[in-house]
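Participant: For our numbering, count along the sequence shown from 1 and bump the result up by 191.
Below you will find the structure I want to go over with you.
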Amino acid sequence: MKPRFRLFAIVASMILALPGTAASSTVWETFTESPLGGKINNVEEPRVDRLRPRPERISEDLPKPEDGQLSISVEDAVVFALRNNRSLAVQLFSPIIAGTFEEQERAVFDASLFAETSLSREKIERNNLVTGKPVGLRSESETYRAGIGRRLSTGTSVDLSVRQSRSDSGTVLDRQAAGVELSLTQALLRGAGRKVNLAGIRQAELDTMISIHEVRGFTEALVAETETTYWDLLLAERQVLIFREALRIARQQVEDIERRIAVGTVAETELAAAQAELASRRQGLINAHSRREKNRLSLLRLINPGSSDAWLLELEPRDCPKEPDIELDPPGDHVALGLSLRPELAEAELRIEQGDLEVIQTRDGLLPRLDLFITLGKTGYADSFGGSFSDITGPGYRVAGGVSFEWSLKNRAARAAERRALAGRGQAVASLDNMAQLIVEDILGAHVEACRARAQIEASAERRRLQEEVVRSEKVKFDVGRGTSLAVALAQRDLLESRLDEVDAIIGYRKARIALYRLDGSLLMRRGIVVDADLFAGE
């Protein structure tokens with residue numbers, strides 16, 4: 192290979208290997224520091240283009256429906272929801288979509304091939320200077336050009352091209368020309384430097400990270416909703432049992448009074464109160480069945496078991512509502528967790544970083560465009576195709592260079608864009624502060640509610656025990672003729688309310704803890720569920 196050809200081959204290989212483009216392994220290998228001084232994650236993490244649409248772990252351990260009934264624990268319900276919930280499946284597409292914008296931004300730095308050709312033919316008539324007669328002159332030309340070009344993150348554009356042309360004037364032999372040309376254009380003001388040129392890629396990467404935080408927030412809300420609905424279903428089941436028992440007791444009371452009326456030991460006026468209480472128990476049982484059915488449908492939608500007759504599937508909660516033995520942490524600990532774990536705060540911080548990048552880009556737009564360009568070339572001439580390329584190695588060469596300048600006199604669009612970017616960043620900072628304050632308020636309020644719910648457990652149990660004594664006392668009075676059926680009915684009604692309140696207090700405390708853990712951002716961590724960028728990478 193001729194030395195000059197070897198030189199151009201080396202230059203071409205250097206262009207393809209230059210950093211800051213998508214053809215290299217990663218853009219950020221040569222730009223690992225953000226414009227704000229923070230470390231930038233390698234773009235290979237996360238590979239959201241290979242996002243798994245559903246968690247597959249422990250799927251074989253999930254219970255199967257039998258005879259139209261599915262017996263599940265609260266842990267089973269959560270795993271079902273993580274695997275099958277359709278809303279979560281929809282949300283998981285967001286990081287995939289956001290990841291495509293990263294590739295789109297990187298494509299700006301991809302190398303591109305170009306080729307062009309042109310043909311021309313011209314025929315004119317001129318008077319012969321000797322004879323004075325018109326003479327027809329014909330000329331033809333062909334031009335072919337091909338090459339490779341690339342834009343670099345430094346603000347440099349590089350083109351390497353090869354061209355060949357042929358001209359035939361009709362009076363002399365064909366003239367062949369061949370050439371190799373290297374063109375470099377470097378931005379000196381606007382568009383210069385990696386910070387501004389890689390800002391678009393960094394913004395797209397931040398969008399992907401934001402979408403992953405959104406998935407985490409959605410997953411946390413889904414787990415909280417699933418657990419809460421599970422306990423609501425269990426509460427409705429217990430309420431149905433309590434109302435059935437109350438209905439049975441009320442029916443026995445009516446039958447007992449009817450027997451006493453028949454033997455003349457009780458006046459007929461005592462029957463109305465007992466019958467009214469029996470009707471009230473029927474109403475309560477109907478409402479309890481309705482609440483249970485609604486909670487069953489809600490939980491079926493959340494866990495989506497996938498059975499062909501899923502909506503007809505009966506759910507049987509296996510967990511028992513027991514008095515908790517877990518003490519609440521101090522409110523300050525929950526606040527500290529919330530300020531470090533809440534995905535909304537992480538999103539807001541990323542929005543601020545996006546605002547910083549937007550400011551960098553808009554300030555770059557305030558600068559005038561000043562570009563330096565230089566072209567290096569070698570051209571060979573001959574009367575044949577091969578000869579023209581052989582002549583390239585001759586001593587001749589071509590060098591051209593210069594600068595180009597452009598600047599809008601008022602530059603109003605760029606100034607408006609900068610003001611908008613600064614205002615947007617200020618708004619993002621204010622939003623972060625406001626969100627942090629709201630989160631602290633929500634956590635403290637949830638902690639107060641959890642403390643109240645825990646205190647209600649013992650209070651409701653004490654009330655139920657005392658109310659049982661009241662019912663026994665009223666029954667004894669009625670049996671000896673010193674009480675009325677109305678007093679017995681009212682006592683039984685109060686006992687029913689106390690039993691309902693006791694179960695509601697136990698389950699209410701569980702639900703209050705779920706709400707507290709969701710608000711402080713630790714629910715997924717406490718349940719052993721991880722939503723991290725690394726999990727979105729393929730095998």
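Just so it is clear, CB atoms sit at the ideal spot from N, CA and C, and this is done for glycine as well.
Give the straight-line distance between the Cα atoms of Ala706 and Gln466, rounded to the nearest whole angstrom.
Facilitator: 42 Å
Participant: Run through DSSP, which three-state label would Ser402 get?
Facilitator: helix
Participant: Under 8 Å by Cβ, that's how I've got Asp510 and Val265 pegged, so tell me the actual separation to the nearest angstrom.
Facilitator: 5 Å
Participant: Go ahead and pull the three-state DSSP assignment for Asp350.
Facilitator: strand
Participant: Would the segment 489–505 count as touching the segment 415–428 if we require 3 or more Cβ pairs under 8 Å?
Facilitator: yes
Participant: In chain order, what residues of the same chain lie with their CB nearer than 8 Å to the CB of Thr345, ignoring the 5 residues before and after it?
Facilitator: Gly211, Gln377, Ala383, Gly384, Arg385 and Asn388
Participant: Could you spell out where the beta strand (DSSP E) holding Arg656 opens and where it closes?
Facilitator: That residue, Arg656, is in no beta strand (DSSP E); its alpha helix (DSSP H) goes Arg603 to Asp670.
Participant: Do Val722 and Val281 have their C-beta atoms closer together than 8 Å?
Facilitator: no
Participant: Just how far apart, CA to CA, sit Asp711 and Leu279?
Facilitator: 21 Å
Participant: Alpha carbon to alpha carbon, what distance is there between Asp258 and Pro246?
Facilitator: Residue confidence for Pro246 is low, a pLDDT of 45 falling below 50, so the modelled location carries little weight; the figure read from the coordinates is stated next. Roughly 27 Å separates the two Cα atoms.
Participant: With distance defined between alpha-carbon atoms, name the residue in Leu613, Gly593, Ala627 and Trp598 nearest to Ala527.
Facilitator: Ala627
Participant: Going by alpha carbons, who is nearest to Ala680 out of Leu438, Ser303 and Ser356?
Facilitator: Looking at the Cα atoms, Leu438 is the closest of the given residues.
Participant: Sorted by chain position, which residues of the same chain lie with C-beta nearer than 7 Å to Gly408's C-beta, five sequence neighbours on each side aside?
Facilitator: Excluding residues within five positions, the ones whose Cβ falls inside 7 Å are Pro534 and Glu535.
Participant: Between which two residues does the alpha helix (DSSP H) carrying Pro286 extend?
Facilitator: Phe284 to Arg297
Participant: Which term fits Leu621, buried or exposed, when burial requires 16 or more other beta carbons within 10 angstroms of its beta carbon?
Facilitator: According to the sequence displayed, residue 621 carries Ala and not Leu. Ala621 comes out exposed.
Participant: With 16 as the cutoff for other CB atoms within 10 Å, does Phe300 come out buried or exposed?
Facilitator: buried
Participant: Measure the C-alpha to C-alpha separation of Ile403 and Pro286 and round it to an integer number of angstroms.
Facilitator: 6 Å
Participant: On the criterion of 16 or more Cβ atoms from any shown chain inside 10 Å, does Glu514 qualify as buried, or is it exposed?
Facilitator: When all chains shown are included, Glu514 counts as exposed.
Participant: Could you give the distance in angstroms between the alpha-carbon of Asn486 and the alpha-carbon of Ala272?
Facilitator: 15 Å
Participant: Three-state secondary structure (DSSP) at Arg560?
Facilitator: Under the three-state reduction of DSSP output, Arg560 falls in the strand class.
Participant: How many Å lie between Ser262 and Trp422 at the Cα?
Facilitator: 14 Å
Participant: Taking Cβ positions, are Asp555 and Arg329 nearer each other than 8 Å?
Facilitator: Contact: no.
Participant: DSSP on Thr345, reduced to helix/strand/coil?
Facilitator: coil
Participant: For Arg606, I'd like the list of residues in its chain whose CB is within less than 8 Å of its CB, leaving aside the five on either flank, ordered along the chain.
Facilitator: Leu557
Participant: Name, in chain order, the residues that DSSP records as bridge partners for Glu372.
Facilitator: Ser352 and Gly568
Participant: In the structure shown, what three-state DSSP assignment does Val590 receive?
Facilitator: In the structure shown, Val590 sits in a strand (DSSP, three-state: E or B).
Participant: When burial is assigned at 16 or more other CB atoms within 10 Å of the CB, is Lys569 buried or exposed?
Facilitator: buried
Participant: Report yes or no: do three or more beta-carbon pairs, one from the segment 592–608 and one from the segment 625–640, lie closer than 8 Å?
Facilitator: Contact fails: fewer than three Cβ-Cβ distances are below 8 Å.
Participant: Suppose the cutoff is 8 Å on Cβ atoms and the five residues either side in sequence are ignored; what does the same chain contact list for Asn275 look like?
Facilitator: Arg245, Ile494, Asn495, Pro496 and Gly497
Participant: Could you name the residues of the same chain whose beta carbon sits closer than 6 Å to that of Arg560, not counting the 5 residues immediately before and after it, in chain order?
Facilitator: Closer than 6 Å at Cβ, skipping near neighbours: Arg381 and Glu597.
Participant: If Tyr572 sits next to Ala368, beta carbons under 8 Å apart, how far is it from one beta carbon to the other, in whole angstroms?
Facilitator: 5 Å
Participant: Quick one: grab the DSSP three-state call for Pro534.
Facilitator: Of the three classes helix, strand and coil, the one that applies to Pro534 here is helix, per DSSP.
Participant: Can you have a look at Gly529 and say buried or exposed, based on whether 16 or more other CB atoms are within 10 angstroms of its CB?
Facilitator: buried
Participant: Measuring alpha carbon to alpha carbon, tell me which of Ala470, Ala637, Tyr335 and Val694 ends up nearest Ala652.
Facilitator: Val694
Participant: State the Cα-Cα distance for the pair Leu351 and Phe564, rounded to the nearest angstrom.
Facilitator: 14 Å
Participant: Whole angstroms are fine: how far does the CA of Ala703 sit from the CA of Ala637?
Facilitator: Roughly 7 Å between the two C-alpha positions.
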